[in-house]
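Note that our numbering gives residue 3 to position 3 of the sequence shown, counting from 1, and the numbers run on in steps of one.
Idealized CB from N, CA, C, for every residue including glycine.
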Amino acid sequence: KSSATVDGATWVKDALTVGGATSLRSTLDVVGATSLSSTLEVTGASSLKSTLAVDGLTSLLSDLSVHEHARVAKTLAVGGATSLASVLSVDGAASLKNVLSVDGATSLQSSATVDGATWVKDALTVGGASSLRSTLDVVGATSLSSTLEVTGASSLKST
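Laid out in structure tokens, this is it:
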């Protein structure tokens with residue numbers, strides 16, 4: 001068992017092998033590529049000045065904060081609630097497998113197809129000609145502001 005104390009800068013020309021735990025009391029500055037063969041544990045904040053490439057599963061045990069654009073090359077799976085603070089823009093088809101709830105005005109720039117019953121809680125205004133492919137059943141009073149044209153048999157059940 002022996003030890004060495006060096007008070008000045010030391011340069012090792014070839015490999016340096018350390019057989020036990022090593023403590024550095026200041027900065028470790030590595031100029032070339034670095035390879036670690038086991039776990040890297042960092043206590044305290046870490047800063048990477050360039051790209052981080054990870055081969056394998058990455059697990060974050062706390063919040064992830066991204067300050068610039070984020071790109072996901074394949075599927076993004078979110079296991080809990082998701083909150084977006086700005087616009088959601090989707091370039092391809094979007095599929096929702098449950099309820100869609102919209103708190104503000106909604107604008108559809110093209111046609112909408114609904115498979116199933118649709119309920120409108122308030123007034124429905126249609127800005128152009130409309131076609132109904134089946135029966136129109138009106139439960140309350142009805143007001144028509146212009147001509148009613150009927151093609152085919154008609155039946156009025158009251159006066």
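- A direct Cα-to-Cα measurement between V150 and N98 gives close to 40 angstroms.
- CA-to-CA, the gap between L156 and T113 works out to about 32 angstroms.
- Put simply, of A4, V54, H69, S130 the residue whose alpha carbon is nearest the alpha carbon of V18 is A4.
- Rounded to the nearest angstrom, the gap between the Cα atoms of V120 and A94 is 23 angstroms.
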